[in-house]
Structures are given as C-alpha cells and as structure tokens.
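Asker:
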Amino acid sequence: MTDLDDLDVIVVGGGGAGLAAAVSAAEQGAAVLLFESERELGGSTQLSAGLITAAGTSVQRALGIDDSAERHFQHYMDLNQWQLKPGLVRAFCAAAGPTLEWMIGLGLDVPAVLSSDAHTPGLSRAGVEDVWRGHVPRDQGYGLVQVLDRARKARGVEAVLNTRVAALLFEDGRVAGVVADGIEVRARSVVVASGGFAHNPDLLRRHYPDALDAGDSLFVVAAPGSRGDHLAFAEQTGGALAGDGWGLMLPTAYFQRYHHWQAGFPPASRVYVNSHGRRFMDEDASYAVSSGIIQAQDGPVWAVFDEKARLGLPTGYADWTPARVAEEAAAGRLAQAATLDALADRIGVPAHALTTTVTRWNEQLPETGTDADFLREQSLAAKGAPARPDPIATAPYYAARVLPAELVCTHTGLEIDHRAAVLDRAGTPIPGLFAAGEAGGGVLGMRYVGGGNAVANALTMGRIAGSNAAAAV
Ligand SMILES: Cc1cc2nc3c(=O)[nH]c(=O)nc-3n(C[C@H](O)[C@H](O)[C@H](O)COP(=O)(O)OP(=O)(O)OC[C@H]3O[C@@H](n4cnc5c(N)ncnc54)[C@H](O)[C@@H]3O)c2cc1C
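Just so you know, we're using this note's numbering here: the sequence shown kicks off at 774 and counts up by one.
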C-alpha cells in the first residue's frame, strides 16, 4: 500500500504520458502515485494505433534503414517551419529512439518488417519523411498501454482510478501535490499528463478555433477524459502555454462520424476537386500535410467518384458503404448526377474544368499507373494498394464534400523545457511541476509530422518528465 504521507511523485492521468512518467519515476526509486479520472487507464493512447515516430532504432537497423535523431530533428523542425523551440525538439528527437527501445525492453513487440499501414505491426511510412519512421506495435495502442501497465504494477506504482484531480497544491511558488475528491495529497513533484481538450467546446473555441470550422461535421475521436484540466492548472500556477491554435484534424467526408477503423475508406478511384473543378492534391497524401492543403483552397472541396466505385465499397463499415452513400445521395446531401456536366452544376464548379480533370485522371493512373501531377502512385505503393485504380467513367457520378472534421488531438499545453519542466510566463521553471503528452506544450507543432507523432511525444516526454520529477526530489 502506498504511503500517502511520503510520496515523491504524483502523476495526473493514466494514458501513455502518465504511465511512462510513472514507470520511469519508479525506475529512479521514487514513491509514485497515479490518479486517473476514468474507470480505466489508457486515455486516447489506448484508442490509438499506437504508431510511434522514432529514429535510429533497432527496428530500422534490422531493415537496413540508415536514420538518426539529427535527421529526425531537421525534418521535424522544417515541417513546422521552425516555429518550435529547437532545444526542446532536439531533446525529444534524441530521446524518441531510446524510448522505443525502452518500450521494447518492457515487452512491446514491433517486428522488423515493412508495414503498409498503421495497423499492421512493423515499420511504416508515418508522414512525408524521406525515411520510414512509423513503428507500429503489435496490439496497437491497447498493447502499448498493457505493456506500460504491467511495468507500473511490477514497480509497485498504485493507480487510483475514477478520481479526477481537481487542482494542484500551489504553495509559496511551488507545486506540492494535488487535490482529488476533496482530499489534499502531497508529493515533492507532480507530473501533469491529463491529455488534451478535444471534448471541451469552450476550450476549443479559445485554443483551437479551427476545429470548430467543421461545424456540424465535426466529430471527436479522442478519449472522453480529454477535458483540458491542464489549462486550469496553468491558470492556477501561472504556467505558460505553448502550441496555442494547433491540433490534429483529419480530412473526412462531411457524413463520416467515426475513425476509419469503423468508418471505412473512400474509394481508391476518386479525385478531389476544388471550387474551380481542378484536382489539387494527392488524394492519399499523408495527414501530415493533407488537411493543410485542403484548408488552403479558396472554397469547398469535393471527392468525385462514380457508380462502380460506390458499388465496390466493402460493406460492414459505418460510413463508407454502398448503402450509406446511396442514402446520403437520396437525401440530397451528397451530389449525384447522370453526367459530369450535371454533377458540376450540382456542386457549383465549372463543367469544362471538371470534365477535363476527370479525363486527365482516366488517362493517367488507371491507364499508365503514373500520376504526373500529384505522384499518387507513390502513396498508393506505400499503402500496398493496387497501382491502377479504375477510371471514373460509370454513371451516375457522385460528389461528397471533404473537409478536416475528425478531431484527434489538441496541441495547446503547459509550456515545457527539454526536461519537461513547466515554465511560468516569464520562462522560469515552476518548482515541482512537470508535464507531458498533450498536456505538455511545445513538441506537437503546427504540422503533425505523421502517424506516431503524438504517441512518441506522450511516451518520450512522459519518460523524461518522470525521471526528472524523481530526480527533483
Ligand atoms: C483514435 C485515435 C487514434 C490515434 N492514433 C495515433 C497514432 O497511431 N499515433 C500517434 O502518434 N497518435 C495517435 N493518436 C493521438 C495520440 O493517441 C494521443 O495524442 C496521445 O496518446 C495522448 O497521450 P496522453 O498521455 O497525452 O493523453 P491520454 O492518452 O488521453 O491520457 C490522458 C489521461 O488523463 C486522464 N485525465 C484527464 N484529466 C484528468 C484529471 N484531472 N485527473 C486524472 N486523470 C485525468 C484521462 O482520462 C486520460 O486517461 C490517436 C488518437 C486517437 C483518438
């Protein structure tokens, strides 16, 4: 039984960051207690694919892939237009590889094989990096949480479930514990790892208003505990924020309501057109860049496909099925027309441009296997998809509005330094306070570098926070 009168470290939140912090603090010999607001541990981490971005790993080496933390850092900073603090990002990139090895040492299984997607264990293309860095573990986010939870138990760290930390104890300029269920619990350091605020509309309005641009199409896949309590802790302690205005929205069709595991996928044979009736992107581009490309268009964006594509959709999913598309079309919410000219009229784009776009598509990938304009054959190959999708040529034709509307995670957190220590508004570490994961701001940037960015952040910065919180006592 944990001695509540002699705690070194309290961890707030039992997702990837919190569990990594608790285990690493315990490895330093600290007496640790973890609070989790929900009935079970795991948070968004448990719901995730568990993909981890890391460089210079044993998995990459076994596959003959030459990579380094320095290369990871350069790519990360460039994609984020150097709007992040290089010192923090360098520390993150340097520790991400060793953190993956630490997880493997704890029992995580990442086989050294190439993987074509985020769900097949192995190494996959995570984003738009030149070297594959997406490590997909067996049993995905669930497996990852199980590994950490076993390590937690083995190190004697108690997890108090169903107990939401309401406030920090902030005395004489330092954090000295937490308040939960009306009880004060003291510790020498606290790690805030309470995740993001995707389920809090007021905080979205203040810190990530772009998410609300999706209007009625917005749906949130983050775990229910993502209420943004770390932002209240920032108010309470004078903590600074970083990452304001940023988060991850995935592009989806307006009628989609689930993550693609349940929603299914749009047909491979589709083109995205803008309000000029022009194709403007690789439809399978990584979400490291796809939402940004869509947002950069000066009007709505449409997925255009045909009847053969609709009928070819697999059944058994919630959203992208032949029946659901027909239902949306019958209700008049998804445009359907007998000719491309009539479809153009329905969605208000120039008919000549739409016909030209579809003709060019038909003459390229389906005919030759190459897409001279957008190089889509490369993303299809990385996904292991057939290189030659069908032409768009069988009436009726369909157009579904596509927009960034699936909210995965938020990036505004308590500003941390390279030790995961929380900074006050003058940039000075607040004694006794550390943060990690979505609750710790500064690593997740304006551009999500690809699948694995957020889990790598949670595990890596969680591990750093835990060991520094233990060392601070
Ligand atoms: C469907 C889905 C798929 C994803 N896939 C990937 C992926 O493959 N790779 C990737 O990198 N990212 C992915 N992400 C994002 C990634 O999973 C998260 O950003 C990351 O796991 C967050 O970890 P965390 O520890 O910060 O937060 P969480 O895992 O959400 O943990 C925070 C925990 O704190 C608890 N909590 C909140 N407030 C309190 C409080 N006051 N007191 C006590 N406990 C509290 C919550 O209940 C929760 O359990 C995905 C997300 C989702 C939703």
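All C-beta atoms, glycine included, are put in the ideal place defined by N, C-alpha and C. It should be emphasised that the depicted structure is a prediction, and the values quoted were computed from it without experimental measurement.
1) Tell me the start and end of each unbroken beta strand (DSSP E) in the stretch 905 to 975 that is at least 3 residues and wholly inside, in chain order.
2) In chain order, what are the residue ranges of uninterrupted alpha helix (DSSP H) at least 4 long that sit wholly in the stretch 805 to 839?
3) Does the Cβ of D1002 lie closer than 7 Å to at least one heavy atom of ligand 1?
4) Within 10 angstroms of its Cβ, does E1100 collect 16 or more other Cβ (buried), or is it exposed?
5) Report the partner residues of E1179 according to the DSSP bridge assignment.
6) Inspect the CB distances between the stretch 786 to 796 and the stretch 972 to 987 and report whether three or more fall short of 8 Å.
7) Three or more beta-carbon pairs under 8 Å between the stretch 781 to 788 and the stretch 797 to 811, yes or no?
8) Just grab the DSSP bridge partners of P1250 for me.
9) Just to confirm the assignment, what range does the alpha helix (DSSP H) spanning G870 have?
10) Using a Cβ-Cβ cut-off of 7 Å (strictly less than) and excluding sequence neighbours within five positions of N1241, which residues of its own chain qualify?
11) Under 8 Å, do S810 and T936 count as touching if we go by C-beta distance?
12) DSSP three-state label for R1097, please.
13) Identify the residues that DSSP records as bridge partners of L887: which are they?
14) Just verifying my parser: in three-state terms, what is the DSSP assignment at I1120?
15) Could you work out which residue in G1085, V994, E813, S1059 is closest to L719 when comparing CA atoms only?
16) Given a threshold of 16 other Cβ atoms within 10 Å of its Cβ, counted over all protein chains shown, does D1092 qualify as buried or as exposed?
17) List the endpoints of the continuous beta strand (DSSP E) containing D781.
18) Does G946 pass the burial test, meaning 16 or more other C-beta atoms within 10 Å, or should it be called exposed?
19) In terms of DSSP beta bridges, what is L1187 paired with?
20) For the 8 Å Cβ check, are there 3 or more pairs between the stretch 842 to 849 and the stretch 859 to 869?
21) Let me check understanding here. Comparing Cα to Cα, which of E800, L857, R906, R1051 lies closest to S841?
22) When DSSP builds the beta bridges, which residues end up paired with A1076?
23) Buried or exposed: where does T1141 fall if 16 or more other Cβ atoms within 10 Å of its Cβ makes it buried?
24) Determine contact between the stretch 1043 to 1061 and the stretch 899 to 917, defined as no fewer than three beta-carbon pairs at a distance below 8 Å.
25) With a threshold of 7 Å (Cβ to nearest heavy atom), would N1047 be considered close to ligand 1?
26) Quick check on this structure: which residue in R1236, L1180, R1220 has the alpha carbon closest to the alpha carbon of L991?
27) Can you say whether H1125 is buried or exposed, counting buried as having 16 or more other CB atoms within 10 angstroms of its CB?
28) Looking at ligand 1, does it come within less than 7 Å of V938, judged from the CB to the closest heavy atom?
29) F846 by DSSP, collapsed to three states: which one?
30) With DSSP as the reference, identify every bridge partner of F1207, one or two as the case may be.
31) Rounded to the nearest angstrom, how far is the Cβ of A1108 from that of I1120, given a contact under 8 Å?
32) Ends of the alpha helix (DSSP H) at A1158?
33) Taking its Cβ as the centre, do 16 or more other Cβ atoms sit within 10 Å of L772, making it buried, or is it exposed?
Answerer: Based on what the coordinates show:
1) Fully enclosed beta strand (DSSP E) runs of 3 or longer: 907 to 909, 931 to 933, 938 to 944, 947 to 953, 956 to 965.
2) 816 to 820, 831 to 835
3) yes
4) exposed
5) F992, L1023
6) no
7) yes
8) Examination of residue 1250 is not possible in this model, given that the chain is present from 774 through 1246 alone.
9) 859 to 879
10) The residues R1192, A1193, A1194, F1207, in chain order, have a CB closer than 7 Å to that of N1241 in the same chain once the five nearest residues on each side in sequence are set aside.
11) yes
12) In this structure, DSSP gives R1097 a helical state, which the three-state scheme calls helix.
13) L896
14) helix
15) Coverage of the chain is limited to positions 774 through 1246, which leaves residue 719 absent and any answer about it impossible.
16) buried
17) 780 to 785
18) By the 10 Å Cβ count, G946 comes out exposed.
19) L1014, G1213
20) Three or more Cβ pairs closer than 8 Å define a contact, and the stretch 842 to 849 meets that threshold against the stretch 859 to 869.
21) R906
22) Y1045, A1173
23) exposed
24) Here the stretch 1043 to 1061 makes contact with the stretch 899 to 917; the two share three or more CB pairs at distances below 8 Å.
25) no
26) L1180
27) exposed
28) Using a cutoff of 7 Å, the CB of V938 counts as near ligand 1, since one of the ligand's heavy atoms is closer than that.
29) helix
30) Paired residues: V964, A1194.
31) 5 Å
32) It is not in any alpha helix (DSSP H) - A1158 carries neither H nor E in the DSSP assignment.
33) Nothing can be reported for residue 772: it is not among the residues displayed for the chain, which extend from 774 to 1246.
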